[in-house]
Amino acid sequence: MKKEYKNTRLPLLALGVVSAVFYVLILWLFYGLGYFRSNNFLTTKLLCFFFSIDTIAEYILIYKTEYIYWIPGGPTYETARDAGSAERKKFAAKFLKRTCIIFGLCVLYMVVSTAFNFSVWLDILLVGGVMILNDLEMRYSFVPDK
């Protein structure tokens, strides 16, 4: 029996809720219990790291479910449904691979940034900016094979 391709956002919503709980837990642990209270530097770097992991988790979910219409500015549900499973997987794999490479570069930057004590604001701007630029560059790249 062929698996039906659904138009749903529930797994994405669940990931968002889990991520929000995770971030609140991190902040509560670090600030509420006193860990790193005097070291915003390390806390911000950890949050940037977890933001990157969260982004990869989203693209793994998109790859596994083939819900490529979740990508902002990407294909519509109808275009994705009509494209077929192989094309959806191919597009999601391309997006996931590129995001993992960028994540690796962000982790490398965070190590260098920590070693040389770069500004926290620079960390936020670079890690967040690179992830956003990755999304913007990839968002209109889906062209189904016909």
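Using my numbering, the letters of the sequence shown map in sequence onto residues -17 to 128.
Virtual Cβ for every residue (Gly too), placed ideally from N, Cα, C.
- By the CB criterion at 7 Å, R80 and Y(-13) fall outside the cutoff.
- In the structure shown, the three-state DSSP call for E48 is coil.
- Beta-carbon to beta-carbon, I38 and C82 are separated by about 6 Å, close enough to satisfy the 8 Å threshold.
- A contact is defined here as three or more CB-CB pairs under 8 Å, and the region 50 to 66 fails this definition with respect to the region 98 to 115.
- Sequence-distant partners of I35 (beyond 5 residues in either direction) whose C-beta falls short of 8 Å from its own C-beta, in its chain, are F85.
- Across the structure, L(-6) and A97 are spaced so that their CA atoms are roughly 35 Å apart.
- The beta carbons of I44 and A(-4) sit no closer together than 7 Å.
- In this structure, P57 lies away from Y49, with their beta-carbon atoms at least 7 Å apart.
- In the three-state reduction of the DSSP assignment, P54 falls in the coil class.
- Judged by DSSP in its simplified three-state form, R(-9) adopts coil rather than helix or strand.
- Going by C-alpha positions, E69 is about 20 Å away from L118.
- Per DSSP, reduced to three states, the secondary structure at S101 is coil, with no helix or strand assignment.
- Where E60 is concerned, the enclosing alpha helix (DSSP H) starts and stops at Y59 to A65.
- Spanning the alpha carbons of L78 and I42 requires a straight line of approximately 7 Å.
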